[in-house]
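Heads up, the sequence shown is in the working numbering, so the first residue is 163 and it goes up one at a time. Just so you know, even glycine gets a beta-carbon here, dropped at the ideal spot from N, CA and C. A quick write-up on the structure given underneath.
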Amino acid sequence: ASYANRVTTLRVLPQVSGVMTPEQIVQFIVPLLVKATKDGVPNVRFTACRTIMWMMQNHNIGSSSINNAIKPTLLELEHDSDIDVQYYAQRALSLCA
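Written out as structure tokens, the structure reads:
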């Protein structure tokens with residue numbers, strides 16, 4: 163699939179998450195977001211960071227999921243080759259405190 167399809171998928175996840183329990187979000191959406199942060203296209207990576215931020219601000223993700231899955235991923239992205247990815251990773255990390 164083209165990277166535009168992957169970006170669109172990430173952008174629709176906040177709406178989909180509205181009908182999910184926190185457990186379902188951790189089980190199904192968080193792994194998808196973490197996988198998207200490893201994408202070869204910078205736009206996909208920073209959209210994943212922005213969606214992670216939205217999820218942390220609007221859902222009770224739980225500290226274990228944040229500390230074990232989300233935070234390590236964002237720490238890696240702080241050193242991304244793309245400056246926009248770095249920026250959104252740092253913004254998302256500020257929510258992990």
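Helix, strand or coil at residue i [DSSP, three-state]
{"i": "Cys211", "result": "helix"}
{"i": "Asp201", "result": "coil"}
{"i": "Glu240", "result": "coil"}
{"i": "Leu255", "result": "helix"}
Which listed residue (the options) has its alpha carbon closest to that of residue i
{"i": "Ala210", "options": "Leu239, Gly224 and Ser225", "result": "Leu239"}
{"i": "Val253", "options": "His221, Ile214, Ala231 and Ile223", "result": "What sits at residue 253 in the sequence shown is Arg, not Val. Looking at the Cα atoms, Ile214 is the closest of the given residues."}
{"i": "His221", "options": "Arg168, Lys200, Gln248 and Val192", "result": "Val192"}
Neighbour flag for residue i against chain C, beta carbons, 7 Å
{"i": "His241", "result": "Any reference to chain C falls outside this structure, which holds one protein chain only."}
Contacts around residue i, its chain only, beta-carbon distance under 7 Å, and the 5 residues preceding and following it disregarded
{"i": "Asp246", "result": "Pro204 and Phe208"}
Beta-carbon contacts of residue i that lie in its chain and below 8 Å, excluding the five residues immediately before and after
{"i": "Leu175", "result": "Ile191, Leu194, Leu195, Thr213 and Met217"}
Nonlocal neighbours in the same chain, by C-beta distance under 6 Å from residue i, ignoring five residues either side
{"i": "Thr235", "result": "Val196 and Thr199"}
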